[in-house]
Each structure stands twice: as structure tokens, then as C-alpha cells.
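**Student:**
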Amino acid sequence: MSKITTELLLERAVPRSTRLRKIETLNLSKLQLKTGDLDPRLFSRLRHLQKLDLSDNLLDKFPNSLTLPDLRVLNCNNNKLEDVTALKQFPLLEELTYENNVYLTLNDDYKVMFLLQNLRLLNGKDITKLANHVRRVNSNKLTSKVTAHWKKFFSDQLPEKYTAEQVKSIKKKFLKSVQTNVVYGPSSLSEFTRWRVKMIAEEFLANSLGLELNSDTEPEEKTDENEEESTESPREAAEEVAPVGDFSSYISNVLFPGIQQLLSVHIYDPLVTVTPSKRKRNRSKSSPGNKRSKTQANTEEEAEEDVSAEPLHFLQCHSKGNSREDFKTQLWSCVFEPVLDSGARKDPIVSSSRTVATCGGESVCLIDCETGTVLKKYKVATEEFFSVAWTTLTMVISDSRKKAHNILAAAGRRGIVKLIHVAADFCYGEIKAHKKPIATVCFSPTQETHLFTASYDKRIVLWDIGIPDCDYNFKASQLLVLETASIPLRIALVPTCPEQYLLAGCEDGCFAWNIKLDKGQKSRPFEAIFQFPGEESLTTSHRVDGLAFLNDDVVVSKSSKPGCIYLWSWSKSFDAKGKGCQRTMSAVILAELEWSTTDMSYLTLSTCPAKEYMFCGDEKGSVWMYNLSTYTTSWGSPKGKRSEQRISPTQILTWPELRVNGEQPHEILVNNVVADPAFTYLVVLTSVNITAIWKKS
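Heads up: the sequence shown runs through residues 26 to 722, numbered per this note's numbering.
1) Using a Cβ-Cβ cutoff of less than 6 Å, which residues in the same chain neighbour His-174 once the five nearest sequence positions on both sides are dropped?
2) Measure the beta-carbon distance from Glu-49 to Lys-76 and round it to whole angstroms, keeping in mind my assumption that it falls under 8 Å.
3) Between Ser-80, Ser-425, Pro-520 and Lys-547, which lies nearest to Pro-634 when the distance is taken from Cα to Cα?
4) Taking the Cβ atom as the reference point for each residue, do Phe-574 and Ala-553 lie within a distance shorter than 8 Å?
5) Taking only the alpha-carbon atoms, compute the straight-line gap between Ile-422 and Ala-448 and give it to the nearest angstrom.
6) How do the segment 110-126 and the segment 138-153 stand: do at least 3 beta-carbon pairs fall below 8 Å, yes or no?
7) Can you tell which of Ser-626, His-73, Ile-677 and Tyr-651 has the C-alpha that lies nearest to the C-alpha of Trp-357?
8) Give me the Cα-Cα distance between Pro-550 and Cys-606, rounded to the nearest whole angstrom.
9) Hey, could you find the ends of the alpha helix (DSSP H) Arg-221 is sitting in?
10) Do Ser-412 and Ile-463 come within 8 Å of each other at the CB atom, strictly closer than that value?
11) Closer than 6 Å by C-beta to Ile-441: which residues in its own chain qualify, once you throw out the five before and the five after it? Chain order, please.
12) How should His-691 be labelled, buried or exposed, when 16 other C-beta atoms within 10 angstroms of its C-beta is the threshold for buried?
13) Would a C-beta distance cut-off of 8 Å place Leu-99 and Leu-121 closer than the cut-off?
14) Please check the pair Met-650 and Val-581, which I expect to be a contact at CB under 8 Å, by giving their CB distance rounded to whole angstroms.
15) Just curious, the beta strand (DSSP E) that Met-610 is in, first and last residue?
16) Is the distance from the Cβ of Cys-641 to the Cβ of Gly-571 below 8 Å?
17) Taking the beta strand (DSSP E) that Trp-680 belongs to, which residues open and close that run?
18) Under the three-state reduction of DSSP, which class applies to Tyr-651: helix, strand or coil?
19) For the alpha helix (DSSP H) that contains Leu-35, what are its first and last residues?
20) So, with DSSP's three-state summary, where would you put Lys-28?
21) Under 8 Å between the Cβ atoms of Tyr-209 and Leu-155?
22) Would you report the Cα separation of Asp-482 and Thr-188, rounded to the nearest angstrom?
23) For Leu-707 and Ala-700, which I take to be in contact (beta-carbon distance under 8 Å), what is that distance rounded to the nearest angstrom?
24) Between Ile-490 and the rest of its own chain, which residues show a CB-CB distance below 6 Å, the 5 nearest in sequence each way excluded?
25) Could you pull the start and end residues of the alpha helix (DSSP H) that Phe-178 belongs to?
26) Beta strand (DSSP E) containing Lys-427: first to last residue?
27) Can you tell which of Tyr-656, Thr-716, Thr-705 and Ser-585 has its C-alpha closest to the C-alpha of Trp-680?
28) I believe Val-569 touches Leu-514 by the beta-carbon criterion, under 8 Å. Please report the beta-carbon distance rounded to the nearest angstrom.
29) Secondary structure at Tyr-135, three-state DSSP: helix, strand or coil?
30) Return no unless some Cβ of chain B is closer than 8 Å to the Cβ of Ala-703.
31) Is the separation between the beta-carbon of Gly-646 and that of Trp-620 shorter than 8 Å?
32) Identify, in the order they occur along the chain, each residue of the same chain with its Cβ nearer than 8 Å to the Cβ of Lys-666, setting aside the five sequence neighbours on each side.
33) Could you work out which residue in Ser-54, Thr-407 and Asp-450 is closest to Ser-388 when comparing CA atoms only?
34) Tell me whether Cys-495 is buried or exposed, calling it buried when 16 or more other Cβ atoms sit within 10 Å of its Cβ.
35) Would you kindly report the start and end of the unbroken alpha helix (DSSP H) that includes Thr-205?
What follows is the structure, encoded as C-alpha cells:
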């Protein structure tokens with residue numbers, strides 16, 4: 026039964042009313058309404074309704090026949106809308122807001138600007154000038170391109186006397202061809218462009234050639250999120266691709282005036298400086314009562330000599346709206362770009378360049394660690410990026426030759442994975458992977474197209490992102506769904522068997538799954554949950570917000586217990602011969618690391634396996650570094666025993682005294698810290714929109 030009744034409508038009218046036909050303003054917010062609750066027969070009686078508030082509900086679309094002929098203002102904030110085309114049934118609409126609908130993109134903004142000729146305000150912004158451009162200049166340009174495409178490739182294919190089958194065949198070929206090859210504007214609007222091109226092509230065939238399309242045009246394919254998603258991207262119009270440095274002004278002046286507020290790719294200079302005289306680093310100190318052996322002390326002193334590091338650059342390149350005053354944007358993830366000609370998957374020492382991808386807020390940046398130059402910046406105004414990952418795909422280029430290219434995947438709050446061909450400065454597609462935020466992503470080290478996405482919907486999904494062809498057409502398919510008992514925060518593939526086991530640190534424990542694809546089950550529960558020492562006994566219930574492999578066997582995990590980082594053995598903890606799912610296993614602890622006593626969560630850790638180093642930042646801007654190479658040999662032996670005492674950090678890099686506009690930033694949290702495989706650079710991501718780059722001396 027629908028939640029909406031005549032009585033409810035009368036009660037929620039502003040002011041309350043006694044007749045439906047008299048209602049001009051109606052507030053239906055915060056009622057948990059779904060699309061099926063909007064009864065067209067009941068709404069058709071609201072003939073004079075001008076303002077409608079449907080915010081904070083569960084709507085995924087609008088029914089096509091609500092019949093509100095006088096509607097002028099509509100608020101749909103905080104719903105689950107996936108499509109906006111049904112809004113064309115409200116032709117008098119002047120003000121529209123649909124913020125915080127995670128599946129709506131910039132393409133949907135352009136669709137409503139075209140469909141609603143009277144629209145003045147969209148999400149609180151005056152779009153009059155931009156909308157006029159979309160309706161006129163954009164439409165005229167696309168119409169010219171569609172017409173030219175017909176004349177060049179299809180006009181001579183239709184004989185003077187033709188059959189219905191011939192008409193149907195040529196229409197189908199033309200619509201497919203024109204949507205693939207007619208291109209205009211930036212790649213971020215490719216979905217809108219294809220939508221308009223299809224519409225224009227249908228009108229062209231119907232009006233200019235007298236070929237009616239309504240009767241036999243095949244419906245546009247809709248992709249279920251659990252099936253395949255196909256994304257096509259442009260081939261033509263190479264003259265309309267701008268250099269990276271000029272892209273923002275190019276968008277502003279040539280293609281879409283006003284869009285630079287929503288998307289930009291540009292170089293951004295560092296805005297903060299470090300005071301050289303105040304640079305300092307702390308040598309490791311044992312915690313009170315923790316005595317060190319002479320051997321351990323000597324080892325630490327040697328390690329300090331090896332790892333002497335100095336601050337190189339401090340960058341503020343993820344600012345919202347490029348504001349110099351933004352010291353609130355949180356930075357979350359960074360990963361070094363693989364070197365294409367190094368045999369990256371074979372030799373980790375030479376497998377990365379000095380270019381690192383970082384993400385936080387609405388942008389993803391590519392930074393040259395040596396020079397501090399922000400090489401490229403990808404920005405989506407409605408997104409908050411949480412994770413980035415690299416893969417190398419062997420793609421077929423235009424002359425049929427094959428060439429390896431690095432592809433960057435970026436994901437975050439909207440549950441969408443962006444796929445970026447970095448060398449081409451081109452975001453060629455996206456995957457609507459989840460309906461809730463994506464916490465982290467990672468690629469398989471052995472299967473270049475296999476991408477794992479871990480989401481707040483308590484699922485980890487394995488995707489095959491496919492390989493784009495020379496026109497950037499690609500297909501992404503879902504291969505596997507791993508069900509988690511709580512939100513997954515960090516994921517790691519087991520190095521010795523990355524195609525068989527995946528480990529995840531979650532809000533409520535540490536879990537393992539069998540991910541082998543030859544098993545028939547496409548949706549799987551966890552295979553094991555690990556117990557760790559608690560205050561009084563072993564426990565499985567604790568937040569694991571840091572997880573990485575130090576080498577092929579040693580796992581490093583960080584728990585919600587203050588100051589607690591464990592090193593444990595995968596092979597000794599996981600019983601691969603056991604049968605059944607959801608088994609409880611005790612983690613075989615090898616050592617515990619001394620770390621900050623803060624109870625602050627989500628300050629994650631990372632490792633440098635080639636050098637057997639582990640890094641973790643703290644709540645004071647410091648980076649704790651541990652050289653564990655002298656311990657791993659004994660841990661790996663059959664009789665390897667647990668280190669009884671906590672292992673102190675080899676070195677702590679303290680945050681230098683920075684002056685930002687003459688003042689020091691306060692409360693600097695280190696959210697993430699990552700070294701390149703050769704441990705030349707150390708990239709530190711903070712809670713105050715500052716990326717710090719250290720270099721080993």
C-alpha cells in the first residue's frame with residue numbers, strides 16, 4: 026500500500042489545505058518514499074502545485090506521468106536518483122535541486138538543462154547562460170556533425186526504392202555509428218553527447234528523410250549493475266583535444282562556458298613552504314620500561330644511517346575550488362606509477378617512476394616527486410575521492426599495433442570508478458560499481474584487467490574492466506562478489522597466491538576469502554576470521570584500519586587498540602586445508618610494534634616489501650618508520666619465535682615547522698604514507714590538504 030494518501034497530502038501542504046486542487050506548496054521530505062509511492066492518479070489532482078519538496082527520501086527515478094502542469098520548484102536532494110530524463114514532464118520548472126544523489130553526474134546536469142527550457146537555477150546556481158549554450162550552440166554543432174556523418178558514410182547506402190527491412194537495417198547502423206563517432210566537448214560529457222547525438226539522429230532521419238523511428242528503433246540498452254557495463258568514447262575530432270596545461274581555459278572559452286567550475290585538468294603550484302632552519306628529525310626512542318638489547322640498538326643506529334631523509338616539497342594541490350584557504354580537505358590515498366619498460370611485474374625495485382598519483386576531496390593529482398610539479402589534475406566537483414590504483418594494459422592503437430599504457434582507477438564517495446588513460450589526458454569511462462562509497466580499490470598483480478572494489482555496502486567486488494579499443498570502447502563485467510560482515514577498509518591480495526586468497530581489514534575484524542574464479546559460486550561469504558590478542562583474551566571484534574604484506578608471508582595489521590600494530594604470519598595462521606566457511610583462526614603473532622598511543626582511527630599503514638620497511642603516520646604529523654629486515658629471517662625459519670618485546674621505530678620523521686600564509690597549520694593527522702619500491706621518496710598525505718614529499722639522502 027502506498028505511503029501517500031489524500032489525507033497525508035492535505036496535511037503536508039504549506040499551509041494545510043482542505044482540497045488537493047488548492048495546494049500550491051507541498052512538503053513530502055523525510056518520509057522514506059520510494060518511486061512506487063508516487064501514485065500518478067493521486068498526483069494528477071494537484072493541478073495547481075508549484076513547489077514540491079521530495080528531499081531525504083529513497084526515490085531512484087520519477088514515474089513518467091505525474092501530471093503536475095504548473096510545477097515551478099522541485100527539491101530532490103538526498104535520494105537515490107539514477108536518471109533525470111523523466112523530469113521533462115515538468116516543462117515550466119524553473120528551480121531544480123538534486124544534490125547528494127550519488128549516481129547523478131555532470132552529464133545529467135546537461136540533460137536537464139536541455140530538457141527544461143525554463144530552468145534558471147540548478148542546485149542553487151544560475152545556469153541561464155550555460156543552458157542557452159547547451160540548447161543552441163551545442164545542439165547546432167552536433168546537428169552539423171550528425172548531418173555530415175550521414176552524408177559522408179550513409180547517404181549513398183539507401184537506394185531510391187527501398188524495403189522496410191533495408192530502412193530498419195540502415196537506421197540501426199547509422200544510430201550506432203553516429204553515437205560512436207560524433208564527438209564534441211570534453212570527455213567528461215561523453216554520455217550527454219551520445220544521448221543528444223542519438224536524439225538528433227532520430228530527428229534527422231524522421232524529419233529530413235521521412236524515416237519514422239518510433240515503431241522500430243531498438244530500445245536503448247540498460248545495464249544491470251551486476252551484469253556488464255559498456256562505455257564508448259570518441260574517435261573523431263582530434264583537433265578538439267587540448268593540451269593539459271591549457272585545458273581549463275579551452276573548456277571555458279571554446280566548448281562549454283561555465284564548466285570550469287565543475288571539471289578541470291591543470292598544473293597547480295605549491296602554496297606552502299618549509300622553513301629550512303627548523304628542519305629536524307627524531308631518532309627512535311624506546312617507550313618507558315621497554316629495554317632494548319645491544320644488538321637491537323646497533324641495528325637501529327645502522328638503519329638510521331641508511332634512511333636519513335629530508336623534506337623536499339610541501340604541496341597544497343587538492344583545494345576545493347582551487348582555494349588557497351582550503352586546509353580542511355582530507356587526502357587519503359597515493360600510489361606510484363609503474364614504469365612501462367621495466368618489466369614492472371617482475372622487478373619491484375625498478376617498477377615505479379618518480380610520478381605518484383594522490384587523491385582527496387574532489388580531485389586526483391599526478392605529481393613529480395623530484396621537482397614537486399603537479400603534472401596533471403583530474404577534478405569531479407560532486408566527488409570525494411578515497412582511493413587510486415594503477416594497472417598497465419596492452420592496448421591496440423590506431424594502426425593495429427599493440428602498446429602498453431598505464432591506466433589509473435579512482436573511486437570514492439559516489440561508488441563510481443573513473444578510468445583514466447593518463448598519457449592521453451583522457452578519462453575514457455566509468456563503472457557504477459556500488460551504491461555506497463568505495464573505501465579502497467586495488468588491481469590484481471597477475472591479471473591486469475582485474476580490479477577489486479571494497480565498499481561501504483559491505484561488499485568487495487571483483488571486476489574485469491576490459492581493454493579499451495582504439496576508439497576507447499570497453500566492457501566492464503562483474504566476476505565475483507565477496508560478502509563482508511562489516512565495512513571493508515583495507516584489502517590485500519596474498520602475494521604467494523594472489524588469484525586465490527584476499528585479506529581484508531574491516532570495521533569489525535580481519536577476514537579472508539577464497540577468490541579463485543574456477544569455483545562456481547559468484548557470491549561468497551568469508552572463509553576465515555582472525556583472532557587477535559584482546560585486553561583479557563583473544564578477540565575477533567576490532568577495527569582493522571591498516572593492512573599490508575611486508576613480504577610473501579608477514580602481514581602487518583593495525584588495530585583499533587591504541588598503539589597496536591601487529592606483525593603475523595599468513596602461512597602459520599591460515600589453515601588452507603580446512604573445510605567450510607566462516608572459520609575462526611588465531612593469528613600467529615610474530616611481533617608487536619611500538620606506535621603512538623592515540624585512539625584515532627583510519628591513520629593507515631604501508632610497506633616497502635623490497636626493503637622490508639613499514640611506515641605509519643600519527644596524529645601529530647609524524648611518520649614512524651620501521652626497518653624489519655633483521656627480523657624477517659628468523660621469523661621465516663621453522664622454529665621462528667615471536668619477538669617478546671615491542672619493536673621500536675627505526676626513526677620518526679617529525680613534521681617540520683611550516684608557515685602557511687604566515688601561520689602554522691594545526692592538528693595535522695597523517696592519513697597515509699607511501700614509499701616508492703626503491704624507497705627513494707616518501708609521500709605523506711595529511712588531513713590539512715598538504716602533501717609532503719621526503720627524499721632519502
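The C-beta atom is built at its ideal place from N, Cα and C for all residues, glycine as well.
Just so you know, these numbers come straight off a predicted model, no measurement behind them.
**Tutor:** Taking the coordinates as given:
1) Answer for His-174: Val-203 and Val-207, listed in chain order.
2) Their Cβ separation, rounded to whole angstroms, is 7 Å, which keeps Glu-49 and Lys-76 in contact under 8 Å.
3) Pro-520
4) With contacts defined by Cβ atoms closer than 8 Å, Phe-574 and Ala-553 do not form a contacting pair.
5) 13 Å
6) yes
7) Ser-626
8) 7 Å
9) 215-232
10) yes
11) Glu-455 and Lys-457
12) exposed
13) yes
14) 13 Å between Cβ atoms; not a contact.
15) 608-611
16) Yes, the pair counts as a contact, with Cβ atoms nearer than the cut-off.
17) Looking at the DSSP string, Trp-680 is not in any beta strand (DSSP E), and its letter there is neither H nor E.
18) DSSP, reduced to helix, strand and coil, places Tyr-651 within a strand of the structure shown.
19) 31-37
20) Coil, per DSSP.
21) No.
22) 52 Å
23) 5 Å
24) Excluding five sequence positions before and after Ile-490, the CB atoms of its chain that fall closer than 6 Å to its own CB belong to Thr-474, Leu-476 and Ala-501, given in chain order.
25) Unbroken alpha helix (DSSP H) run through Phe-178: 164-178.
26) 427-437
27) Nearest option by C-alpha distance: Thr-716.
28) 7 Å
29) helix
30) Considering every chain present, this structure includes no chain B. It has just one protein chain.
31) no
32) Ser-659
33) Thr-407
34) exposed
35) 189-206
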